[in-house]
Amino acid sequence: MEQAPQSKPILELRGIGKQYRSKGRLGKGGGQTVVALSEVSLEFRAGEIFGLVGESGSGKTTCGRLIVGLEKADQGELLLEGRSYGTLKGESLRAYRRQVQIIFQDPYQSLNPQLSILDSVAEPLVTNRVGDNKARLEKVLATLKAVGLSPPEDYAFRFPHQLSGGQRQRVAIARAMILGPKVLVADEPTSMLDASYSAQIFDILLEVRQRLATTIILITHSLAAARYLCDRIAVIYRGRLMETGPADAVISDPRHPYTQALIDATPKFGDCGPIKRYGTLVSPERPASGSAGCAFFRRCGLAHLGRCARQAPELTPLTLGHLVACHYTQEAPAPETGQACRLGGMG
Amino acid sequence: MSAEPQTASQATPRRRSPWRERFREDWLVFNHNPLGRAGLILLSVFGVMALLSFLPPLIDPMYHPMTGVDPQVLYSEGPSARHWLGTDFMGRDILSQLLAGTRVAFMVGVSAAFMSIVLGVSIGMVAGYAGGIIDTLLMRLAEIIMVLPTLLVVLMLSALFGKLNIWTIVLLIALFRWPGVSRVIRAQTLSLKSRPFIDAARVAGASHTRIVFRHIMPNVLPLAFLYMTFRVTAAIVIEAALAFLGFGDPSTVSWGMMLQWVWKTGHMFQAPYWLFPPGLCISLITLSFYLLGRAMDEVLDPRLREENGTV
Numbered sequence: 001m002e003q004a005p006q007s008k009p010i011l012e013l014r015g016i017g018k019q020y021r022s023k024g025r026l027g028k029g030g031g032q033t034v035v036a037l038s039e040v041s042l043e044f045r046a047g048e049i050f051g052l053v054g055e056s057g058s059g060k061t062t063c064g065r066l067i068v069g070l071e072k073a074d075q076g077e078l079l080l081e082g083r084s085y086g087t088l089k090g091e092s093l094r095a096y097r098r099q100v101q102i103i104f105q106d107p108y109q110s111l112n113p114q115l116s117i118l119d120s121v122a123e124p125l126v127t128n129r130v131g132d133n134k135a136r137l138e139k140v141l142a143t144l145k146a147v148g149l150s151p152p153e154d155y156a157f158r159f160p161h162q163l164s165g166g167q168r169q170r171v172a173i174a175r176a177m178i179l180g181p182k183v184l185v186a187d188e189p190t191s192m193l194d195a196s197y198s199a200q201i202f203d204i205l206l207e208v209r210q211r212l213a214t215t216i217i218l219i220t221h222s223l224a225a226a227r228y229l230c231d232r233i234a235v236i237y238r239g240r241l242m243e244t245g246p247a248d249a250v251i252s253d254p255r256h257p258y259t260q261a262l263i264d265a266t267p268k269f270g271d272c273g274p275i276k277r278y279g280t281l282v283s284p285e286r287p288a289s290g291s292a293g294c295a296f297f298r299r300c301g302l303a304h305l306g307r308c309a310r311q312a313p314e315l316t317p318l319t320l321g322h323l324v325a326c327h328y329t330q331e332a333p334a335p336e337t338g339q340a341c342r343l344g345g346m347g
Numbered sequence: 348m349s350a351e352p353q354t355a356s357q358a359t360p361r362r363r364s365p366w367r368e369r370f371r372e373d374w375l376v377f378n379h380n381p382l383g384r385a386g387l388i389l390l391s392v393f394g395v396m397a398l399l400s401f402l403p404p405l406i407d408p409m410y411h412p413m414t415g416v417d418p419q420v421l422y423s424e425g426p427s428a429r430h431w432l433g434t435d436f437m438g439r440d441i442l443s444q445l446l447a448g449t450r451v452a453f454m455v456g457v458s459a460a461f462m463s464i465v466l467g468v469s470i471g472m473v474a475g476y477a478g479g480i481i482d483t484l485l486m487r488l489a490e491i492i493m494v495l496p497t498l499l500v501v502l503m504l505s506a507l508f509g510k511l512n513i514w515t516i517v518l519l520i521a522l523f524r525w526p527g528v529s530r531v532i533r534a535q536t537l538s539l540k541s542r543p544f545i546d547a548a549r550v551a552g553a554s555h556t557r558i559v560f561r562h563i564m565p566n567v568l569p570l571a572f573l574y575m576t577f578r579v580t581a582a583i584v585i586e587a588a589l590a591f592l593g594f595g596d597p598s599t600v601s602w603g604m605m606l607q608w609v610w611k612t613g614h615m616f617q618a619p620y621w622l623f624p625p626g627l628c629i630s631l632i633t634l635s636f637y638l639l640g641r642a643m644d645e646v647l648d649p650r651l652r653e654e655n656g657t658v
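Here the protein sequences come in this chain order: A and Z. Position 46 (the first sequence) corresponds to 46 in the working numbering; numbering is contiguous. Quick note, the working numbering runs 347 ahead of the 1-based positions in the second sequence.
Here is the structure:
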């Protein structure tokens with residue numbers, strides 16, 4: 001897969017696949033298999049913000065959990081700075097997580113209600129045996145300050161229920177950042193917050209990237225947020241990559257019908273002029289084509305019964321770094337009205 | 348920190364204040380509950396009685412609950428200035444026996460409950476967190492023990508091994524009373540396990556042991572304490588029943604023991620001053636722990652709070 005020759009990838013997913021099996025009635029037999037991820041290959045470069053975009057259930061959260069080792073991949077491998085971390089366990093897992101951290105979606109659930117902010121944020125320091133109590137306290141205070149909780153002494157000894165959602169998410173960022181990881185997965189960090197808080201959280205993420213050159217993998221359902229923050233984007237649907245490329249290119253010139261449908265679905269407001277519509281989504285859905293065809297076949301307005309139903313398209317490069325998995329990329333219709341429009345409704 | 352001594356000194360007192368604040372809040376809810384207050388008052392009366400139990404033998408050796416015999420008394424006598432609650436069949440002071448019994452009741456109740464809680468909480472947490480075959484095995488074991496009638500098994504054991512020491516009885520009660528606790532704690536652990544903060548702890552590098560003790564335990568402890576108050580009641584009743592049936596520790600004066608003496612010496616209907624105090628005490632201490640538990644229940648479960656409109 002050729003990419004723009006900027007820098008070596010810091011984290012790489014190679015052909016990652018993950019299936020969930022629902023339990024059958026008796027032991028292991030008769031369960032249904034749900035494909036969460038299939039053949040996902042991605043490269044994350046140092047210091048970039050990479051957006052993983054898709055609808056609910058598309059596998060983007062699974063992908064994030066895989067990256068931090070909360071789930072095990074069934075196929076494929078995970079490389080951090082060229083080293084494979086295929087079977088993570090014990091000490092190697094801990095070493096890996098010093099480099100790769102995550103912020104969870106719901107700040108009301110991701111902090112232990114019985115631990116003070118100090119204890120929560122200091123946890124990675126304690127488990128990795130960094131410093132003594134005094135050094136840890138200072139580090140925690142400095143980190144809290146860095147995520148905009150100041151004066152940090154005010155917050156360190158409070159408990160989660162005494163903070164607002166935005167403040168809790170900052171605490172979660174502080175906990176993730178305290179070891180100075182190279183990669184930070186942000187799993188819909190703002191979906192539980194209102195718009196003004198989201199903007200603040202995004203600014204903190206941007207600042208973190210600027211200050212520490214951390215690679216941030218932003219998992220989001222919002223193309224607007226992705227466009228605001230990300231350098232590159234991957235659009236994922238039912239566990240398969242549909243389109244990936246530079247954020248601007250993917251959003252202003254989407255080539256995959258699913259990406260186009262996502263952009264159609266984004267609310268727009270303000271001085272927009274005529275709204276462009278791709279109209280690539282069909283409803284009602286078509287009957288399934290079996291597992292062989294394109295993942296988006298059932299809802300795709302461009303799909304042809306023959307090829308799309310039988311053969312899954314490969315991810316093929318269009319321009320440098322812009323890859324699309326669709327048989328009919330070139331034949332995609334021009335938008336109904338030509339004028340580009342600002343995307344509204346961030347977060 | 349040293350550059351800002353002012354903020355540092357501010358920070359230190361804040362460290363505990365949330366706990367204190369929470370405690371205060373909970374105390375207000377608790378105190379607002381008439382049942383809880385009644386339970387607490389009753390319990391403090393018993394507490395004072397237990398403390399006073401050291402006093403009578405110091406006043407005069409004849410007030411010793413076990414060995415002190417009043418030489419002027421030949422058989423059981425009613426209340427008098429010399430013996431406020433009367434004496435038993437060999438001239439021992441009933442009041443001092445009652446006080447000593449309070450101490451034993453607390454000792455048995457609290458230590459048996461504590462042990463069963465420790466067992467129940469650890470087994471419940473391990474079963475819930477580990478899941479799979481460990482969970483299945485531990486829970487089947489719990490069910491097996493749960494369906495055994497405690498009193499009967501302890502009776503059989505004491506028949507087998509002769510007179511049981513009071514601490515053996517405590518241990519046996521604890522061993523038979525953990526399954527209920529462990530089932531509740533397991534359920535709680537199961538729901539906690541899937542909460543994102545456990546994932547967050549795993550990503551932060553916490554080991555399984557650390558997750559169980561640092562993250563899950565603080566969240567199940569309130570529930571465990573609640574169950575402890577109910578277990579105290581159960582332990583006291585079981586000990587009293589054992590003692591009354593004649594399988595108690597003959598070297599300890601417990602309320603059940605006193606009842607047994609009343610019964611065995613045929614004073615059941617002749618000496619109400621001897622029969623009623625221990626019987627009432629057993630009922631009241633049981634009641635007070637139960638009321639305490641109910642009030643704590645309300646503190647721990649905000650839904651109950653709103654219903655009663657206390658906060």
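Each residue gets a CB set at the ideal place from its N, CA and C atoms; glycine is no exception.
Given a cut-off of 7 Å on the beta-carbon distance, is the pair residue i and residue j in contact?
i, j, result
"A/Val40", "A/Ile233", "no"
"A/Ala312", "A/Tyr237", "no"
"Z/Val395", "Z/Gly467", "no"
"A/Ala174", "A/Val208", "no"
"Z/Ala571", "Z/Ile464", "yes"
"Z/Ile632", "Z/Phe393", "yes"
"Z/Met486", "Z/Ala474", "yes"
"A/Pro181", "A/Val250", "no"
"A/Phe44", "A/Leu93", "no"
"Z/Ser554", "Z/Gly448", "no"
"A/Ile217", "A/Phe50", "yes"
Any Cβ of chain A within less than 7 Å of the Cβ of residue i?
i, result
"Z/His562", "yes"
"Z/Ala358", "In this predicted model, Z/Ala358 has a pLDDT of only 42, less than 50, meaning its place in the structure is not dependable; the value taken from the coordinates is given anyway. Chain A contact via Cβ: present."
"Z/Ala553", "yes"
"Z/Val674", "The question about residue 674 of chain Z has no answer here: the residues shown for chain Z are numbered 348 through 658."
"Z/Phe544", "yes"
"Z/Pro569", "no"
"Z/Met643", "no"
"Z/Ser349", "Bear in mind that the predicted position of Z/Ser349 carries a pLDDT of just 40, short of 50, making it unreliable; the figure below should be weighed with that in mind. No, Z/Ser349 lies away from the interface with chain A (no Cβ there is under 7 Å from its Cβ)."
"Z/Asn512", "no"
"Z/Ala547", "yes"
Using a beta-carbon distance below 7 Å, is residue i in contact with chain Z?
i, result
"A/Leu111", "yes"
"A/Gln99", "no"
"A/Ile216", "no"
"A/Gln114", "yes"
"A/Gly64", "no"
"A/Phe297", "no"
"A/Val185", "no"
"A/Asn128", "yes"
"A/Arg94", "yes"
"A/Pro107", "no"
"A/Pro350", "Here chain A comprises residues numbered 1 to 347, so residue 350 of chain A is not present and cannot be evaluated."
"A/Leu212", "no"
"A/Ile201", "no"
"A/Ile102", "yes"
What residues in its chain sit with their C-beta under 8 Å from that of residue i, if we drop five residues either side in the sequence?
i, result
"Z/Pro404", "Tyr410, His411, Pro412, Gly415 and Ser443"
"Z/Gln607", "Ala590, Phe591, Leu592, Gly593 and Gly595"
"A/Ala156", "Ser116, Ile117, Leu118, Val121, Leu137, Val140, Leu141 and Leu144"
"Z/Ile545", "Leu539, Ile558, His562 and Ile563"
"A/Arg286", "Phe297, Arg298, Arg299 and Ala303"
Looking only at its own chain, which residues have a Cβ that is under 6 Å from the Cβ of residue i, when we skip the five neighbours before and after it?
i, result
"A/Thr259", "Val235 and Glu243"
"Z/Ser458", "Val517"
"A/Val34", "Tyr20"
I'd like to confirm something about residue i: is its beta-carbon nearer than 6 Å to some heavy atom of the ligand GDP, or not?
i, result
"Z/Phe401", "Because no ligand of any kind appears in the structure shown, any question about the ligand GDP cannot be addressed here."
Alpha helix (DSSP H) runs wholly inside the stretch 395-427 of chain Z, at least 4 long, in chain order: 402-406
Just checking, does the stretch 184-194 of chain A make contact with the stretch 126-141 of chain A on the three C-beta pairs under 8 Å criterion? no
With three or more beta-carbon pairs closer than 8 Å as the criterion, would you say the stretch 75-91 of chain A touches the stretch 501-515 of chain Z? no
Is the number of C-beta pairs between the stretch 422-441 of chain Z and the stretch 493-512 of chain Z that are closer than 8 Å three or more? no
Going along the chain, which unbroken runs of the beta strand (DSSP E) with 3 or more residues stay wholly within the stretch 6-93 of chain A? 9-21, 33-45, 49-53 and 75-80
Go through the stretch 461-534 of chain Z residue by residue and report every complete run of the beta strand (DSSP E) that reaches 3 residues or more, in order. none
For the structure I just gave you, are there three or more beta carbon pairs, one from the stretch 519-535 of chain Z and one from the stretch 567-584 of chain Z, closer than 8 Å? yes
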